[in-house]
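Engineer: Under this note's numbering, residues 958 to 1089 are what the sequence shown spells out, in order. Note that the Cβ used here is the ideal one computed from N, Cα and C, for glycine as well.
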Amino acid sequence: MSEPQNPTSMSGEPVDWKQECAELQKRVNLLLSSLVALSLIVTVFIFVQYWRTSKDLELDRPVGIYVTEANRKEGPAIEKFINTLAAYSKSHPDFATNLAKMGIQLGTNPAAQPSSAATPGLDTPPISTPTK
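1) Would you mind giving the Cβ-Cβ distance between residue 1039 and residue 1061, rounded to the nearest angstrom? I have them listed as a contact below 8 Å.
2) Starting from residue 1003, trace the alpha helix (DSSP H) both ways and give me its first and last residue.
3) Is it buried or exposed for residue 1048, if we count other Cβ within 10 angstroms and need 16 for buried?
4) Beta-carbon within less than 6 Å of residue 1053's beta-carbon, same chain only, minus the 5 sequence neighbours each way: which residues are those?
5) Assuming residue 1063 contacts residue 1043 under a Cβ cut-off of 8 Å, what Cβ separation, rounded to an integer in Å, is found between them?
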């Protein structure tokens, strides 16, 4: 009993540790290569998505510039029109409900209305436009 015994597997056969280590090393190498391949695939996918998105942004940039310029040019006229609608809704309460449905609320927010957009002669309260 004092002699070291050779470990055995469940079936009673002796275990070859070198063969077991070699098989485990093969599995680890296979897993590492798979991980490298998977990381390369994900990297290529992310690069393609970046490239496509940058191309889409290049195409959409002129539209954004156009919308910004149109808003800058037509903003005062739109504010003047909304102020006119607000003045009209004072004398027609049923129209005020329609303005509320459209999201135009008559408030007391002086920052929402530029002073140059006010029409002389119209005494309308400042309004706040919807922020969507």
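Structural biologist: Looking at the coordinates:
1) 6 Å
2) 974 to 1048
3) exposed
4) 1046
5) 5 Å
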